[in-house]
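Chemist:
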Amino acid sequence: MKSAKKSKPKAISRVPQSRQDAIWAVGRIGTLRRAIHAQKAKAEEAIRLIGERFETDTAMMAEELAEHERGVQAWCEANRMILTNNDKVKFHDFGTGSVRWRSLPASVSIRGAEAVLEALKSLGLKAFIREKEEINKEAMLNDPDTARKVAGVTIKSEGEVFAIEPVELEISTVQ
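Okay, structure coming up:
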C-alpha cells in the first residue's frame, strides 16, 4: 500500500527583511491591487460591449427561432394522437430531431399562509403541519461552557484574520 504523498507548503519568496522593505511592500501591494482592478474594469467593459454586439447580431435569429418553436409546438399539439400513437408514447422522432411531452410533478401553492395554517389546525389536519425543531447555536455561543458539556458540540475559536490595507490615494484623471 502506497503512503499518501506529502505536500510541502510553498516557500514564501517575498518576505521583507526590514521595516523599510515592509513599507515598500505594502505600497506595492496597493499599486498591484489598483492595476488589477483597472485591468478587470477594462475586461468587464470589453465583455459588456461584446455582449451588446452579440445581442444585436442574434436578435433576428432568436426571433425566428421562437416563431419556429411556437409553430412546431402548435402543429405537434394538433397532431399529437398520430405522433404519440394514441398517447402510448410521449415523444416523436422526426429524424432531424424529436419532440417530447413531459408531465410536471404536482405542486402546492399557498396564499395567506397564516389563514391556511389556522384552517388546518381547526380541521384537525395535523399531518399537513410541520413543526420544526432546530438547535439554537446563538444560545450556545452565549453560554459556551454549558454547551461544551454536550457530546458532539464544539465551540470553535473566533480566530483572527490578517489584512493588508494600503493607503488609497484619490487619483483624478484629467482629460
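At position 114 of the sequence shown the residue is numbered 502 (the numbering used here), and the sequence of numbers has no breaks. Even for Gly, the Cβ is constructed at its ideal location relative to N, Cα and C. Since we're looking at a predicted model, the values are computed, not measured.
1. In the DSSP assignment, what residue or residues form a beta bridge with D531?
2. Using DSSP with H/G/I as helix, E/B as strand and the rest coil, what is F479?
3. For the alpha helix (DSSP H) that contains S486, what are its first and last residues?
4. Do you know offhand how far A337's Cα is from C464's?
5. Can you tell me where the alpha helix (DSSP H) holding K509 begins and where it ends?
6. Would you call L453 buried or exposed, if buried means 16 or more other Cβ atoms sit within 10 Å of its Cβ?
7. I'd like to know if the stretch 457-477 and the stretch 487-500 are in contact, where contact means that at least 3 CB-CB pairs between them fall below 8 Å.
8. Decide yes or no for the touch test of the stretch 401-416 against the stretch 534-549: beta carbon pairs closer than 8 Å, at least 3 of them.
9. For L420, report the span of its alpha helix (DSSP H) as first-last.
10. If you reduce the DSSP assignment to three classes, tell me which class E522 lands in.
11. Assign L437 to buried or exposed, taking buried as 16 or more other Cβ atoms, counted over all protein chains shown, within 10 Å of its Cβ.
Modeler: From the atom records:
1. Bridge partners of D531: none, in fact.
2. strand
3. First-last for S486: S486 to R488, but that is the beta strand (DSSP E), not the alpha helix (DSSP H).
4. Because the chain here runs from 389 to 563, residue 337 falls outside it and cannot be looked at.
5. For K509, the enclosing alpha helix (DSSP H) has its first and last residue at A501 to S510.
6. exposed
7. yes
8. no
9. R407 to A466
10. coil
11. exposed
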